[in-house]
Amino acid sequence: HEVWRDEAQGYLLVRDLSIPGLLRHLPCESQFALWYLLIWPLGALGAPVFAINVFHWLLSCATCLIFLWNAPFRLLTRAAIVFSLPFFFEYTIVARSYAIAIFLLVVILSLWPIRRTRPIPLALLVALCASTTLASWGCLLAVCATMLCEWIREKRFGRAELASVLIAAAGFLLALLTIRNDRGGFGAELVGDAYAGAMTMPLTHLKGAFFFLNGALCVKEPLALILPFDIALPVSCVLTGLFLLSAVLY
């Protein structure tokens, strides 16, 4: 396919910048670091831009294989999910950080049965996944909350559990630090570039919270009615995680 703008931007960054320079620049891109660090060797070696797409495709194939092998669904259901729009296009064709997030989430779920005996590998995967995209944080928070609830219920707080908490927390903190800018704030990863210009204008917020569908007025982001979008989006991620947690527990 024709290279998308964000695909080309990622390639140009890893081609032209060293790793220290890349990490200094990431707050301007408002993106977490893991995806760029993974494709950096391709750019540093002078590989053409489609090399990133090939790497992305191989990663997506690995995700699908793990999912098909381990998912607790019927074969028809697993095949339907693999050939759905997100798996077949969004996380396979367009080379962006979502693919590595989905890969790590699928690996976490595949290793879920060992969470009681070996929580540290899961914590390491959570820490890595936290540096992919903010969109994964809802699922990651659900994973962390579920494990914490199990430890509380089973009264199990040993060294492995403490180490797991510290590793996961360090992963989230490190992800935020990679997009921390010189003014002490954070990049637009927490708001989205399309909304960055609206942050200083509450009326624009309110207007952007609605859209029309077949003549009906609909709410795009309910929390944007009462909160700025840079706060509403992380809160939405937390609420999504709590919803997933409630689905797991009940």
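For the sequence shown, our numbering assigns the number 43 to the initial residue and increments by one for each residue that follows.
We treat Cβ as the ideally placed atom computed from N, Cα and C, and that holds for glycine.
Just so we're clear, the structure is a prediction, and the values are computed from it rather than from any experiment.
With 16 other Cβ atoms within 10 Å as the buried cut-off, status of residue i
i: residue 51; result: exposed
i: residue 248; result: In this prediction, residue 248 scores a pLDDT of 44, lower than 50, which makes its location untrustworthy; the coordinate-derived value is nonetheless stated afterwards. Result: exposed.
i: residue 43; result: exposed
i: residue 159; result: exposed
i: residue 102; result: buried
i: residue 77; result: buried
i: residue 1; result: The chain is shown only over 43 to 292; residue 1 falls outside these bounds and no answer can be derived.
i: residue 186; result: buried
i: residue 179; result: buried
i: residue 63; result: exposed
i: residue 71; result: buried
i: residue 60; result: exposed
Cβ-Cβ distance between residue i and residue j below 7 Å
i: residue 166; j: residue 209; result: yes
i: residue 105; j: residue 168; result: no
i: residue 162; j: residue 202; result: yes
i: residue 74; j: residue 220; result: yes
i: residue 171; j: residue 151; result: no
i: residue 164; j: residue 182; result: no
i: residue 123; j: residue 133; result: no
6 Å Cβ shell around residue i - same chain, five flanking residues per side excluded
i: residue 81; result: 56, 94
i: residue 244; result: Unreliable positioning characterises residue 244 in this predicted model, as indicated by a pLDDT of 40, which lies under 50. The coordinate reading is nonetheless provided below. Cβ neighbours of residue 244 beyond the five flanking positions: none.
i: residue 113; result: 120
i: residue 264; result: For residue 264, the pLDDT reaches just 48, beneath the cut-off of 50, and the residue's location in the model is therefore unreliable, leaving the point undetermined.
Contacting residues, own chain, Cβ-Cβ under 7 Å from residue i (five flanking each side not counted)
i: residue 85; result: 53, 56, 57
i: residue 98; result: 137, 141
i: residue 135; result: 43
i: residue 46; result: 136
Proximal residues to residue i (C-beta, below 8 Å), its chain only, five neighbours per side dropped
i: residue 236; result: Per-residue confidence for residue 236 stands at a pLDDT of 37, beneath the threshold of 50, marking its modelled position as unreliable; the derived number appears in the next sentence. Answer for residue 236: no residue qualifies.
i: residue 96; result: none
Margin query: I'd like to know if the stretch 167-183 and the stretch 124-140 are in contact, where contact means that at least 3 CB-CB pairs between them fall below 8 Å.
Written below: yes
Checklist line | Whole runs of the alpha helix (DSSP H) within the stretch 120-196, excluding any shorter than 4 residues | finding: 140-152, 161-171, 179-196
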